[in-house]
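Just so we're aligned, residue 1 is where the sequence shown starts under UniProt numbering, counting upward by one. In this text, a Cβ means the ideal position worked out from N, Cα and C, and glycines have one as well.
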Amino acid sequence: MTASDRAIELARIGAAAAAEVKATSIEALDVGERFAISDVFLIISGDSEPKVRAIVDRVEEKLDEAGGQRLRREGLTFDPRWVLLDYGELIVHIQRDEDRADYALARLWADCPHVDLQLDDEAVIAGDPAPVTPEVASESRDPETAGSAEAHA
């Protein structure tokens, strides 16, 4: 892994904050080898716009308390569906469940290693938040695993 210890620490703090407000899915990817301006993507889902807003508020609060310095926030509108929080070495993507399925960031960065978030709630971090559809299955790089959760995690 190439992510800095600080980026991993911030990702774990952000993930724990999201879990506190019942995010539906949380995962982190070490993108440092492929993305020059950041080390970790923290990808979080919520099941509604109010849930996305609550996740954003809690994650920002906890990362601020930990000394994280937010450089930018995008997407926090009246109807937030995808909010990006840029903390330099950590970029947090908070999306509605459907948008996460549509944009499939984790699948786009599937060759990047996962970061162990050290969360207790396996239901939050387990599983693929994006349901596997025939379109997604046909896009799998490995026909042996097309349609399986492993192909899309």
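Item	Value
Quick check on the DSSP output: the alpha helix (DSSP H) that includes residue 57 runs from which residue to which?	49-65
Look up residue 37 in the DSSP assignment and say whether it is helix, strand or coil.	coil
Count the CB pairs spanning the segment 87-104 and the segment 112-121 that are closer than 8 Å, and state whether there are at least three.	no
Could you tell me which residues DSSP puts in a beta bridge with residue 30?	40
Which residues does DSSP list as the beta-bridge partners of residue 82?	95
Hey, how far is the Cα of residue 13 from the Cα of residue 66?	8 Å
Taking C-beta to C-beta, are residue 59 and residue 76 nearer than 8 Å?	no
Would you call the segment 32-41 in contact with the segment 4-13, where contact means no fewer than 3 C-beta pairs closer than 8 Å?	yes
For residue 46, which of 26, 37, 31, 120 has the nearest alpha-carbon?	26
In whole angstroms, what is the alpha-carbon distance linking residue 4 and residue 29?	12 Å
Please check the pair residue 49 and residue 79, which I expect to be a contact at CB under 8 Å, by giving their CB distance rounded to whole angstroms.	5 Å
Going by the beta-carbon positions, is the gap between residue 84 and residue 70 smaller than 8 Å?	no
Just to confirm before moving on: does the CB-CB distance between residue 117 and residue 23 stay below 8 Å?	no
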